[in-house]
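So the structure is just underneath, and the comments pick up after that.
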Amino acid sequence: MHGALDDTICAIATPPGEGGIGVLRISGPRALDIASQVVRLRSGKSLHDLRTHLMALADVCSYRMAPGVLQGTESRSDAVLDEALVVVMKGPHSFTGEDVVEVQCHGGPVILDQLCRGVMSAGARLAEPGEFTKRAFLNGRLDLAQAEAVLDTIRAKTARSLTIAQSQRRGELSREVEGTRSSLVVALAHIEAALDFTEEDIAFVRQDELLRVLDETLIKLRRLVRSGQEGRIWREGAAVAIVGRPNVGKSSLMNALLRSDRAIVTPIPGTTRDMLEEVVSIEGIPVRLFDTAGIRVTEDPVEAEGIRRSHLAWADADLALILLDGSQPLTESDRLLLRREEAAQAVLVLNKCDLPLGLSREEVGQVCPVNAGIHDISATMQIGLDGLRNAIRSRLLPSGLESREGVLVTNLRHADAFERALQGVEQARQSVQAGRAGELVAMDLRIAADALGEITGAITTDEILERIFAEFCIGK
Ligand SMILES: Nc1nc2c(ncn2[C@@H]2O[C@H](COP(=O)(O)OP(=O)(O)OP(=O)(O)O)[C@@H](O)[C@H]2O)c(=O)[nH]1
Ligand SMILES: [Mg+2]
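Laid out in structure tokens, this is it:
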């Protein structure tokens, strides 16, 4: 990614395709000059004289206008591409911290494409993915964790994921990180000062005071690391696979959880062959739900391929729901599934509880001793689904940390950094207690403080930045 901040970038900020409106964004030191070449305010004023953060009606053109056109003295109606609302946001009070111009026109792909070309011919460069947000970071408008949360805010699939992303975007995680980091840095400064003055034997650091600070930090870091073990699910979603032999009602359960007739349901075993995937909110958790082909021994090559994929989906899933038909005795196919090693980690579900029980629960328990118990549901009659959703939630988030106070770690990069910080502080604490040399303690505290600094970007490399912003879309 070109890093230079002295050029002016532009991009279509709305998604591709048709829309009520479409937005073109321009940011950089020459944003106003460049926009002036394709935007003519109806008021006849110059863009430079427009008050910041106020909208104005304008005509926009698809190429650089001759000076006469710009001033409105020459009228060339064919030059006008569209009618638009224009807003100027003067730096540093803009998203990027630079001068920004946003043009809202009709949301047609041809209009936006031509407008974008016009702005480029007037001197702007097409932005790289995430470059607006990267500039906001480089200009100090956001720290790195907040910049990443901008992406999470856009991508959030459930209301709960959005709430978490927004709190990180507002800087709640960053404040926690910076608070912890600064107490480590203060401790570090004291230790290093003491190292410089050892001959004079000045007690710069009292050991009990240092231990108190380290213990407080450890409590915070342990909580954050623990929340990070599950937090990924809020950001990326969890994969849940519905597996079972044919005809037990997997597709019916998929439809019931989606509240739509997404999957084909028939009384014929072997109906589902291609795997289906849909995103659904289960108790606020973004879940990618997989309906799979019924697993059995088959000669049919198409069905066999479907079954191969069912096994893959099961292996990749964060959680599997093994579905049984409660109205029928266990079959050999059921037993084979239940005896698989992974089955012990699954949630066992007896479907068709609207019909008389046809199997022995004891036998199911003997074949597959799952800890989580057995859930009775009826997919078609919508019985027991709340209980099942609850079970899915507590299996995906066993600690219940997310329902309590405090910030959550949802990003793998952050989780990894917190892990390293925790190790550093733990090592440092051991060294203090064992009375080891101050240099050793200082080294581990430095590792921990630097790891925390990576989260907010206080310490960063071009490589990290590139990796982070490459995930963004163009125009953000
Ligand atoms: N009575 C009753 N019938 C159900 C229930 N759930 C599913 N069925 C019926 O069971 C049959 C099979 O349902 P599907 O959802 O297609 O089963 P499946 O497991 O997806 O089957 P395959 O795709 O063939 O593996 C259909 O006739 C459903 O109407 C239920 O809760 N109660
Ligand atoms: Mg099916």
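Position one of the sequence shown corresponds to residue 14 (our numbering), numbered consecutively onward. A virtual CB, placed ideally from N, CA and C, is assigned to each residue, including glycine. What you are looking at is a predicted structure, and each value in this text was computed from that prediction instead of being measured.
Review point. For residue 243 versus residue 414, is the C-beta spacing smaller than 9 Å?
Key: yes
Point to revise | Cβ contact (3+ pairs, closer than 8 Å) linking the segment 391–402 and the segment 366–373 | key: yes
Practice item. Just grab the DSSP bridge partners of residue 223 for me. Key: Residue 223 is not bridged to any residue.
Point to revise | residue 472 vs residue 143 beta-carbon contact at 9 Å | key: no
Practice item. With residue 40 as the anchor, note down where its beta strand (DSSP E) starts and where it stops. Key: 32–40
Check your understanding: Taking contact to mean at least 3 C-beta pairs separated by less than 8 Å, is the segment 353–360 in contact with the segment 230–241?
Key -> no
Review point. Is the segment 171–179 in contact with the segment 447–458, if contact means three or more CB pairs nearer than 8 Å?
Key: no
Exercise for review: Would you decide whether residue 56 is buried or exposed? Buried here means 16 or more other CB atoms lie within 10 Å of its CB.
Suggested key: exposed
Check your understanding: Using CA coordinates, which residue listed in 352, 390, 245, 316 is at the minimum distance from residue 331?
Key -> 245
Review point. Residue 265: buried (16+ other C-beta within 10 angstroms of its C-beta) or exposed?
Key: buried
Review point. Between residue 489 and ligand 2, is the CB less than 8 Å from at least one heavy atom?
Key: no
Exercise for review: May I ask whether a heavy atom of ligand 1 can be found less than 8 Å away from the beta carbon of residue 351?
Suggested key: no
Review point. Expressed to the nearest angstrom, what Euclidean distance is found between the alpha-carbon atoms of residue 74 and residue 127?
Key: 8 Å
Check your understanding: What's the call for residue 474, buried or exposed, on a 16-neighbour Cβ count within 10 Å?
Key -> exposed
Exercise for review: Could you tell me which of 280, 311, 279, 270 sits nearest to residue 294, measuring between CA atoms?
Suggested key: 270
**Study point:** C-alpha distance - residue 26 paired with residue 150, whole-angstrom precision
**Key:** 18 Å
**Study point:** Contacting residues, own chain, Cβ-Cβ under 8 Å from residue 350 (five flanking each side not counted)
**Key:** 256, 257, 258, 308, 335, 356
**Study point:** residue 264 CB to nearest heavy atom of ligand 2 below 8 Å
**Key:** yes
**Study point:** Classification of residue 338 by the beta-carbon crowding that lies within 10 angstroms, buried from 16 upward
**Key:** buried
Point to revise | Rounded distance between the beta-carbons of residue 41 and residue 20, thought under 8 Å | key: 6 Å
Review point. If we call anything under 9 Å between Cβ atoms a contact, is residue 164 one with residue 484?
Key: yes
Check your understanding: Using the C-alpha atoms, what's the distance from residue 327 back to residue 312?
Key -> 22 Å
Point to revise | Same chain, Cβ closer than 6 Å to residue 33, five either side skipped, listed in chain order | key: 120
Practice item. Go through the segment 343–400 residue by residue and report every complete run of the beta strand (DSSP E) that reaches 3 residues or more, in order. Key: 360–364, 387–389
Exercise for review: Return the residue from the list 277, 229, 148 that minimises the CA-CA distance to residue 438.
Suggested key: 229
Review point. Can you find at least 3 beta carbon pairs, one from the segment 459–468 and one from the segment 424–431, that sit closer than 8 Å?
Key: yes
Exercise for review: Just grab the DSSP bridge partners of residue 119 for me.
Suggested key: 34
Check your understanding: Which term fits residue 386, buried or exposed, when burial requires 16 or more other beta carbons within 10 angstroms of its beta carbon?
Key -> exposed
Review point. Do you know offhand how far residue 496's Cα is from residue 391's?
Key: There is simply no residue 496 to check, as the chain begins at 14 and stops at 489 in what is shown.
Check your understanding: CB-CB under 7 Å to residue 486, same chain, minus the five flanking residues each way: which ones, in chain order?
Key -> 142
Check your understanding: Does the distance from the CB of residue 488 to the CB of residue 478 come in under 9 Å?
Key -> no
Review point. Would the beta-carbon of residue 104 fall within 9 Å of that of residue 50?
Key: no
Exercise for review: Note down, in chain order, each residue of its chain lying with its Cβ closer than 8 Å to the Cβ of residue 60, except the 5 sequence neighbours on either side.
Suggested key: 45, 48, 49, 52, 54, 99, 101, 114
Check your understanding: Can you name the residues that DSSP bridges to residue 25?
Key -> 37
Practice item. Have a look at residue 208 and residue 427 and give me their C-alpha separation to the nearest angstrom. Key: 32 Å
Review point. Under the rule that 16 or more other beta-carbon atoms within 10 Å means buried, what is residue 110, buried or exposed?
Key: buried
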